[in-house]
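Engineer:
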Amino acid sequence: MPRLQWRGRCTGQACPDLFFHAATRLGVDVRRCVVIDDSVTGITAAMAAGAQAICFTGASHVEPGHATRLKEAGASCVVSTAPDLAVLLQPEAA
Numbered sequence: 001m002p003r004l005q006w007r008g009r010c011t012g013q014a015c016p017d018l019f020f021h022a023a024t025r026l027g028v029d030v031r032r033c034v035v036i037d038d039s040v041t042g043i044t045a046a047m048a049a050g051a052q053a054i055c056f057t058g059a060s061h062v063e064p065g066h067a068t069r070l071k072e073a074g075a076s077c078v079v080s081t082a083p084d085l086a087v088l089l090q091p092e093a094a
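Residue numbering for the sequence shown is 1 to 94, as defined by the working numbering.
Have a look at this one:
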């Protein structure tokens, strides 16, 4: 597995180092990881790491238009309920 490394400048929460660390600890390539987040900075960090990003908009603090901002940050899809997220994360049938 190639070792990916972030060489950018980290600012606040938008640092992909957490995702590199988690993938390394799990022994997987970060590009095979899925990040579920409800913040633009989290989605941005996931994308910078090379992970797939899913935005979750089911929290009570999410305001109108937030899903659009998350998609613009690079999220591959928007999920607004936990049951929908569970369905999305099911492995595909072989």
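Yeah, the Cβ is synthetic: ideal placement off N, Cα and C, and Gly gets one too.
Counting Cβ pairs, one atom from each stretch, are 3 or more of them under 8 Å apart for the region 21–40 and the region 53–61?
Structural biologist: Enough Cβ pairs lie closer than 8 Å, so yes.
Engineer: Would you please state the rounded distance, in angstroms, between the beta carbons of R69 and G50? I believe it to be under 8 Å.
Structural biologist: No, R69 and G50 are not in contact; Cβ-Cβ is about 21 Å, not under 8 Å.
Engineer: Return the Cβ separation of K71 and V78 in integer angstroms, given the expectation that the two are a contact with Cβ distance under 8 Å.
Structural biologist: 6 Å
Engineer: For C77, which beta-bridge partners are listed by DSSP?
Structural biologist: I54
Engineer: Put V35 into one of helix, strand or coil per three-state DSSP.
Structural biologist: strand
Engineer: Take the Cβ of P113 as the centre, count every other Cβ of all protein chains shown within 10 Å, and call the residue buried at 16 or more, exposed below.
Structural biologist: An answer regarding residue 113 cannot be provided, because it is not within the stretch 1 to 94 covered by the chain.
Engineer: Quick one: grab the DSSP three-state call for E72.
Structural biologist: helix
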